[in-house]
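Residue numbers (this note's numbering), protein chains in the order written: chain L, 8 to 449; chain F, 8 to 449.
Ideal Cβ placement from N, Cα and C applies to all residues, glycine included.
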């Protein structure tokens, strides 16, 4: 046999699929549903028939899509089209939340890529789904095509996950990577990202860390079996990263990466935060370039795992959505649902001041004897111990004469380091502010 | 709430788990089952009670394990202990095959790490499991703790996978990595691997590629929805890799990696092979060090993904086994089974001669004018085009005077390259044999 044969006894069972949203991802999903119908039927065991596609303006023609499928009444499509599966690709909280809940209450299973919604209302949605005996799958909500939801929910569920650290926002990784490899300023790199479609016209959700915070919350919930909301996540944007920071990182054999971090601390509190951080060149996360994503997972038995791939974009996200679609269809066909959302703990979230990191600090001091000793004494007083210090020679023409100090701490508590920084700023020893960047994996 | 709380209403349902084998992995699994019973109960929804552990000699005490659980009658344990789930960690074809089939026919679901068995008899076992309405899960069979089976079966199932290339054997990766980074000979590196427990006393299954071939067959079956057996895989060991090869690779900006390769060619034939190959330093697979594994997947929509982590060892493998165990328990508790083995195509396997690669060739020629032209002409005659050629100066004292030629081809067909090599060997132009190494990702 040399032909690519689809089983001769074609499945006759049909499941109806309603698609909400037909933007970058929705168009790709619609295309796959229409063009690969036979293949999806062979994989799922049933034909997946598009019952309708909800868009903002149904009068705008979409190439390759039968206009009869288009509607601008998403609520009616969900309620009245007899959809077995609703794919939500509208994004945002409203009306996505109402539409998903309506879909579930009408007996449909749901596939969504909506990280913001799940990070805010996941608990509610999963509970309603469980009551109604339907699936909610969301592989596409975190890290695009990279399979990370199933690995956390199922493959690693027999293990104790300690740490999840990821580059989960392609826009900010592209920007920092561009600043690193091409020495662009933040503003130049942002414009370049916008021109290539890697950043929105309004880039706030990405560069201020809201997108990454939602993903961090979802990852932390899955990893630690506790509800973590996007609003629980400590969040810093990357807008204050300068080429001077990038150069300083390079001098230490590091790069600056936009990280989402979720860890279980020694008191079983969840540390969950989003910020730029120094990462050593030798760390696997350092080799995540351009708009790619990567997620690094550390578990007691499994050890250190990493998942790498395209974190966004129409096709990769559509790949994750259709994987979920086939899984949900297989479940539905057999009258079953996938594993329930496993939240059986109620762990506290650590306050940011309670978290542990290593810290890079950089500042200018007046060039007089005893200043460095005073700085070191101040840090020691706050239990912050030094890993390395570098004092650069006085810069000619500085007035008053000054020296530049950069240092890396050992693991220290955020609140102690913050107190050090405040005291340093008020000490009269410094000229200008202290620059602080956390370090991971060093 | 600051305590790590397990739900107060403890589940009362009990599933009985029989463990076959108590070696490196089995001991770890038994330890997890006994020490993390509450946690596994919270995750799976039921208590997992060990009904027995089959070992070769039940009279040998095992630390931490109640001797009453031990039996040397595996067949009776499977048939008579009322096991709901049987975990098979004996390995090999017999008696593992009979025991698994007996377990299934007695109504138990199966979790196994047995790549050799699945690569030889997977089709039969999956069919019997489907008939009996039970699960067979095998995440641990490929790449230890790295989640790859679920990603291929479920996350990427809506996509078209084109390529799976992996470092799936930790022993051979350790050996080649040691040869690369510490300039050891193959024999030295093998002894070092054996001393560290990364290689067996009889290393044949690893260094001759049998282990990797079984894994390649499993990956190809999942990726291409066709039955591929271990015996379908073209297989070369790594025993002929020399430090001269390693040096030559380095000179080209490459490393030599032990690869398992499964690709869909342009005629929808499956190329599936295991051999050492040149990989560029910049390729993600080049950074897989020591006994780690990595799997690189290319799919039409998802793009390029990579999964990296510990590929073997007791704890990582036990992590994958317990993940499957919780999943199977969740399924069983709800009276459902996971997705069936999805084999709906019957694609041909390409003959090795039909496969396409780039090739590195190295040989000595007699140092006389026109030899290089003759070599180039011979390659061209066989449609093998050159990417780069390097002729090294004559080595002093060689008798007869000779030059060393190394070349890299563009993509060429294996059979054409083989014919070139044969003609070169018979041409009278060469001194000694031709060294051939395939290249991937260049």
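Closer than 9 Å, CB to CB, is residue 10/F near chain L or not? With a pLDDT of 41 at residue 10/F, under the threshold of 50, the modelled position of that residue is not reliable, and the figure given next carries that caveat. Closer than 9 Å: yes.
Is the segment 194-207 of chain F in contact with the segment 142-162 of chain F, if contact means three or more CB pairs nearer than 8 Å? With a cut-off of 8 Å, the segment 142-162 of chain F and the segment 194-207 of chain F do not count as touching, because too few Cβ pairs lie within range.
Quick check on the burial criterion: 16 or more other C-beta atoms within 10 angstroms. Buried or exposed for residue 210/F? Flag for residue 210/F reads buried.
Is there a Cβ of chain L sitting closer than 9 Å to that of residue 442/F, yes or no? Closer than 9 Å: no.
Span of the alpha helix (DSSP H), counted from its first residue to its last, around residue 412/F: Annotation: residue 412/F is outside any alpha helix (DSSP H); the continuous beta strand (DSSP E) that includes it extends over 409-416.
Under 9 Å from the C-beta of residue 23/L: neighbouring residues of chain F: Chain order gives no chain F residues near residue 23/L, where near means a beta carbon separation below 9 Å; the closest approach is about 17 Å.
Name, please, each residue of chain A whose Cβ falls closer than 9 Å to the Cβ of residue 343/L. This model lacks chain A altogether, as its protein chains are L and F.
For residue 68/F, name the three-state secondary structure that DSSP assigns. Annotated three-state conformation of residue 68/F is coil, per DSSP.
Which residues, in chain order, does the segment 135-157 of chain L contribute to contact with chain F at a C-beta distance below 7 Å? Taking 7 Å as the cut-off between beta carbons, the residues of the segment 135-157 of chain L near chain F are 146, 152, 153, 154, 157, in sequence order.
Given a cut-off of 9 Å, decide if residue 312/F and residue 102/F are closer than it, judged by their beta-carbon atoms. Not in contact: residue 102/F and residue 312/F (Cβ atoms no closer than 9 Å).
Apart from the five residues on each side of it in sequence, which residues of its chain come closer than 7 Å, Cβ to Cβ, to residue 6/L? Residue 6/L lies beyond the residue range present for chain L, which begins at 8 and ends at 449; the question has no answer from this structure.
C-alpha gap between residue 330/F and residue 343/F, whole angstroms: If you take the alpha carbons of residue 330/F and residue 343/F, they lie about 17 Å apart.
Is DSSP giving residue 433/F helix, strand or coil here? DSSP places residue 433/F in coil when its eight states are reduced to three.
Determine, for residue 102/F, whether the minimum Cβ-Cβ distance to residues of chain L falls below 9 Å. Put simply, the CB of residue 102/F is far from chain L, with every gap to its CB atoms at 9 Å or more.
Residues of its chain near residue 44/L, where Cβ-Cβ distance is below 8 Å and the 5 sequence neighbours each way are ignored: Closer than 8 Å at the Cβ level, and outside the excluded window around residue 44/L, lie 54, 55.
For residue 51/L, I'd like the list of residues in its chain whose CB is within less than 6 Å of its CB, leaving aside the five on either flank, ordered along the chain. Take residue 51/L, set aside five residues on each side of it, and the residues of its chain with a beta-carbon closer than 6 Å to its own are 333, 336, 337, in chain order.
Distance, residue 442/F Cα to residue 429/F Cα: If you take the alpha carbons of residue 429/F and residue 442/F, they lie about 12 Å apart.
Any beta carbon of chain F sitting closer than 9 Å to that of residue 352/L? Chain F contact via Cβ: present.
I need the straight-line Cα distance from residue 271/F to residue 24/F, nearest angstrom please. In a straight line, the C-alpha of residue 271/F is about 39 Å away from that of residue 24/F.
From 111/L, 123/L, 292/L, residue whose alpha carbon lies closest to that of residue 100/L: Residue nearest to residue 100/L within the set 111/L, 123/L, 292/L is 123/L (criterion: CA-CA distance).
Taking CB distances under 9 Å as the criterion, tell me whether residue 35/F reaches chain L. Chain L, which has a Cβ nearer than 9 Å to the Cβ of residue 35/F, makes this yes.
Using 8 Å as the cut-off, can you tell me whether the segment 275-288 of chain F makes contact with the segment 316-330 of chain F, which would need three or more C-beta pairs spanning the two stretches below that distance? Contact between the segment 275-288 of chain F and the segment 316-330 of chain F is not established, with fewer than three Cβ pairs separated by less than 8 Å.
Label residue 431/L either buried or exposed according to how many other C-beta atoms from any shown protein chain fall within 10 Å of its C-beta, with 16 as the threshold for buried. Burial call: buried.
Does residue 446/L come out as helix, strand or coil in the three-state DSSP assignment? Looking at residue 446/L - three-state DSSP - the assignment turns out to be strand.
Closest by CA to residue 67/F, which one among 246/F, 30/F, 145/F? Relative to residue 67/F, the option among 246/F, 30/F, 145/F whose CA is nearest is 30/F.
Taking only beta-carbon atoms, is residue 44/L less than 9 Å away from chain F? Not closer than 9 Å to any Cβ of chain F, the Cβ of residue 44/L fails to qualify, so no.
By Cβ distance below 6 Å, which residues in the same chain neighbour residue 395/F in space, the five residues on each side in sequence not counted? If you ignore the 5 residues before and after residue 395/F, its C-beta comes within less than 6 Å of the C-beta of 415, all in its own chain and listed in chain order.
Is the Cβ of residue 161/L closer than 9 Å to any Cβ of chain F? Answer yes: the Cβ-Cβ gap between residue 161/L and chain F drops below 9 Å somewhere.
Rounded separation between residue 233/L and residue 227/L - CA only: When the Cα atoms are used, residue 233/L and residue 227/L turn out to be separated by approximately 8 Å.
Could you tell me whether the Cβ of residue 39/F comes closer than 9 Å to any Cβ of chain L? Yes, its Cβ sits closer than 9 Å to a Cβ of chain L.
Are the CB atoms of residue 92/L and residue 108/L nearer to each other than 9 Å? The Cβ-Cβ distance between residue 92/L and residue 108/L does not fall below 9 Å.
How do the segment 161-174 of chain L and the segment 242-257 of chain L stand: do at least 3 beta-carbon pairs fall below 8 Å, yes or no? Verdict: no, contact absent.
For chain F, is any of its Cβ atoms less than 9 Å away from the one on residue 14/L? Caution is warranted here: a pLDDT of 46 is assigned to residue 14/L, below 50, making its placement in the model unreliable, and no coordinate value can be reported.
Residue interval of the beta strand (DSSP E) (run including residue 128/F): Per DSSP, residue 128/F is not a residue of any beta strand (DSSP E); the alpha helix (DSSP H) it occupies stretches across 122-139.
Could you check where the beta strand (DSSP E) with residue 246/F kicks off and where it finishes? Element bounds for residue 246/F: n/a, residue is neither H nor E.
So which residues on chain F does residue 4/L lean against when the C-beta distance must stay under 7 Å? Because chain L in this structure spans residues 8 to 449, residue 4/L falls outside the shown range and cannot be described.
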